[in-house]
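Visitor:
Residue numbers (the numbering used here): 1138 to 1302.
Given below as C-alpha cells:
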C-alpha cells in the first residue's frame, strides 16, 4: 500500500498517522502461514529532513511445531522502525546509511512491513513449552501417547563405540 508523504515532507516535526491492513491471508513464508490480515499501526514523523516510520504489526500465524510437527496457531506482534530520506539528500550524509531513499513523495510499505515481520518471526516454534516431541525410533507423537520403544540406557561397555562415530 502506498502512503503519500507530501503533507509532512517539507515540514519538520509534522506527523502522519498510519493505520492499514495487508492482505496476507493464505500466504506462506519461512514455515509460517498467515491466517489473518496483518494489521499495521504507527506514524510517520519528519525529523530534520528524514522521515521516520515507527510502527507495530500484528496478525495470527500458523506454524508447525519444531518438536512434534503438529500445526498450531499463535498471535504474532512486532514493532519496527524505518528511516526514509529524500532523493536529493546530501550524498555525503552518512548519518544513517540504512535509510531508504524516497523517489517521489509516496512510499510503498508492504515490502517493508513483511520484511520486518519475517526478521522477527520466532526461530524456535513450539506448540507448548512442555511438548515432548516425537519418538526418535518409531516417530510416535509423545504428546498423544507413549510408545513401546525400548528406552533403557545402553550398556556402558559399548560407550567406547560411540566415540568411533
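The C-beta atom is built at its ideal place from N, Cα and C for all residues, glycine as well. None of these values were measured; they are calculated from a predicted model.
1. Just checking my contact of residue 1279 with residue 1271 at CB under 8 Å: how many whole Å lie between their CB atoms?
2. Is residue 1248 helix, strand or coil when you go by DSSP?
3. Consult DSSP for residue 1175 and reduce its assignment to one of helix, strand or coil.
4. Grouping DSSP H, G and I as helix and E and B as strand, with all else coil, what is residue 1274?
5. Given a cut-off of 8 Å on the beta-carbon distance, is the pair residue 1172 and residue 1182 in contact?
6. Considering only DSSP beta bridges, list what residue 1155 is partnered with.
7. Using 10 angstroms around the beta-carbon of residue 1205, count the other beta-carbons present and answer buried if the total reaches 16, otherwise exposed.
8. Around the Cβ of residue 1305, are there at least 16 other Cβ atoms within 10 angstroms (buried) or fewer (exposed)?
9. Could you check which residue in 1203, 1179, 1216, 1151 has the C-alpha nearest to that of residue 1185?
10. Specify the secondary structure class of residue 1162 as computed by DSSP and reduced to three states.
11. Locate the beta strand (DSSP E) running through residue 1261, then write down its first and last residues.
12. Over what stretch of residues does the alpha helix (DSSP H) that includes residue 1146 continue unbroken?
13. Can you give me the C-alpha to C-alpha distance between residue 1149 and residue 1207, rounded to a whole angstrom?
14. Let me confirm a value: residue 1219 is counted as buried when at least 16 other C-beta atoms fall within 10 Å, else exposed. Which label applies?
15. Please classify residue 1212: does DSSP put it in a helix, a strand, or coil?
Guide: Working from what's here:
1. The sequence position of residue 1279 within the chain shown is 142, counting from 1. The sequence position of residue 1271 within the chain shown is 134, counting from 1. Taking a contact as a CB-CB distance under 8 Å, the pair residue 1279 and residue 1271 counts as one, their CB atoms being some 7 Å apart.
2. Position 111 of the chain shown, counted from the start, is the residue given in the question as residue 1248. The answer is helix: DSSP assigns residue 1248 an H, G or I state.
3. For this step, residue 1175 is matched to residue 38 along the chain shown. Three-state result, residue 1175: strand.
4. Within the chain shown, the letter at position 137 stands for residue 1274. It is coil, neither helix nor strand.
5. Along the chain shown, read from residue 1 onward, the residue named residue 1172 stands at position 35. Along the chain shown, read from residue 1 onward, the residue named residue 1182 stands at position 45. No, the pair does not count as a contact, with Cβ atoms beyond the cut-off.
6. Working through the chain shown from its first residue, we reach residue 1155 at position 18. Looking at the DSSP output, residue 1155 bridges to 1179.
7. Taking the chain shown and counting its residues from 1, one reaches residue 1205 at position 68. So residue 1205 counts as buried.
8. Outside the shown range of the chain, which is 1138 to 1302, sits residue 1305, and nothing can be said about it.
9. Against the chain shown, residue 1185 aligns to sequence position 48. Nearest of 1203, 1179, 1216, 1151 to residue 1185, Cα basis: 1151.
10. Along the chain shown, one-based indexing puts residue 1162 at 25. Coil at residue 1162, not helix or strand.
11. The residue labelled residue 1261 in the question sits at position 124 within the chain shown. Looking at the DSSP string, residue 1261 is not in any beta strand (DSSP E), and its letter there is neither H nor E.
12. Counting from one through the chain shown, the residue named residue 1146 turns up at place 9. It spans 1143-1146 - the alpha helix (DSSP H) in which residue 1146 sits, taken as one unbroken run.
13. Here residue 1149 corresponds to residue number 12 of the chain shown, with the count starting at 1. Here residue 1207 corresponds to residue number 70 of the chain shown, with the count starting at 1. Looking at the two C-alpha atoms, the distance is approximately 51 Å.
14. As a position in the chain shown, residue 1219 is number 82, starting the count at 1. Per the 10 Å Cβ criterion, buried.
15. Residue mapping note: residue 1212 aligns to position 75 of the chain shown, counting from 1. Residue 1212 falls in the strand class under three-state DSSP.
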